[in-house]
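Visitor:
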Amino acid sequence: MTIEEAQQTVDTWIQTTGVRYFNELTNMAMLTEEVGEVARIIARQYGEQSFKESDKDKVLADELADVLFVVICLANQTGVNLTEALQRNLAKKTQRDATRHQQNEKLR
Numbered sequence: 127m128t129i130e131e132a133q134q135t136v137d138t139w140i141q142t143t144g145v146r147y148f149n150e151l152t153n154m155a156m157l158t159e160e161v162g163e164v165a166r167i168i169a170r171q172y173g174e175q176s177f178k179e180s181d182k183d184k185v186l187a188d189e190l191a192d193v194l195f196v197v198i199c200l201a202n203q204t205g206v207n208l209t210e211a212l213q214r215n216l217a218k219k220t221q222r223d224a225t226r227h228q229q230n231e232k233l234r
């Protein structure tokens, strides 16, 4: 699925199953919540925290997909074409960081 197809698929789902988009502030709060759930898994799976019994059924892929879904919702409702935005962002990073990371001693 391309990013464009993902944006269309989410929009179709919202219009048919979700009834309508939550407002932008609600979606921003939901995005923060979903990123927190990703952080919780990462802290337990790759960090030093241990899993609580209630955390053991959480799957990183599901939580990352939740983050992506809300990001797509926000893009759709604010008129952002994520394909174009990502292409511009990568071009900016490529120009800005052309030698920065190769010269970073910390990355060797």
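Numbering of the sequence shown is given in this note's numbering, commencing with residue 127 and proceeding in unit increments. Built from N, CA and C at the ideal position, the CB exists for glycine as well.
Could you check the C-alpha separation between Val185 and Glu163 for me, to the nearest Å?
Guide: Taking the first residue of the sequence shown as position 1, residue 185 is located at position 59. Taking the first residue of the sequence shown as position 1, residue 163 is located at position 37. Cα-Cα distance, rounded: 10 Å.
Visitor: Using C-beta distances below 7 Å, list every residue in its chain close to Gln175, excluding the 5 sequence neighbours before and after it, in chain order.
Guide: To locate residue 175, count along the sequence shown from 1; it is residue 49. Counting only Cβ-Cβ distances below 7 Å, and skipping sequence neighbours, we find Ala169.
Visitor: Tell me where the alpha helix (DSSP H) around Asn215 begins and ends.
Guide: Locating residue 215 in the sequence shown gives position 89, counting from the first residue. It spans Leu208 to Arg222 - the alpha helix (DSSP H) in which Asn215 sits, taken as one unbroken run.
Visitor: Grouping DSSP H, G and I as helix and E and B as strand, with all else coil, what is Asp183?
Guide: Here residue 183 refers to the residue found at position 57 when the sequence shown is read from its first residue. In this structure, Asp183 counts as coil in the three-state DSSP scheme.
Visitor: Can you tell me whether DSSP reads Gln134 as helix, strand or coil?
Guide: As a working mapping, residue 134 is identified with position 8 in the sequence shown. Three-state result, Gln134: helix.
Visitor: Take Ala211 and list the residues in its own chain whose beta-carbon comes closer than 8 Å to its own, dropping the five residues that flank it on each side.
Guide: Here the question's residue 211 lines up with position 85 in the sequence shown. The answer, listed in chain order, is Ala201.
Visitor: Compare the Cα-Cα distances from Met154 to each of Gly144, Val196, His227 and Gly173 and report the closest residue.
Guide: By one-based count along the sequence shown, residue 154 stands at place 28. Closest by alpha carbon: Val196.
Visitor: Let's see if you can read the secondary structure: which residues bound the alpha helix (DSSP H) around Val145?
Guide: Looking up residue 145 in the sequence shown gives position 19. That residue, Val145, is in no alpha helix (DSSP H); it is neither H nor E in DSSP.
Visitor: For Ile129, I'd like the list of residues in its chain whose CB is within less than 6 Å of its CB, leaving aside the five on either flank, ordered along the chain.
Guide: The sequence position of residue 129 within the sequence shown is 3, counting from 1. Same-chain partners within the cutoff: Leu208 and Thr209.
Visitor: Mark Val145 as exposed unless 16 or more other C-beta atoms lie within 10 angstroms of its C-beta, in which case mark it buried.
Guide: On the sequence shown, residue 145 is found 19 positions in, with the first residue counted as 1. When all chains shown are included, Val145 counts as exposed.
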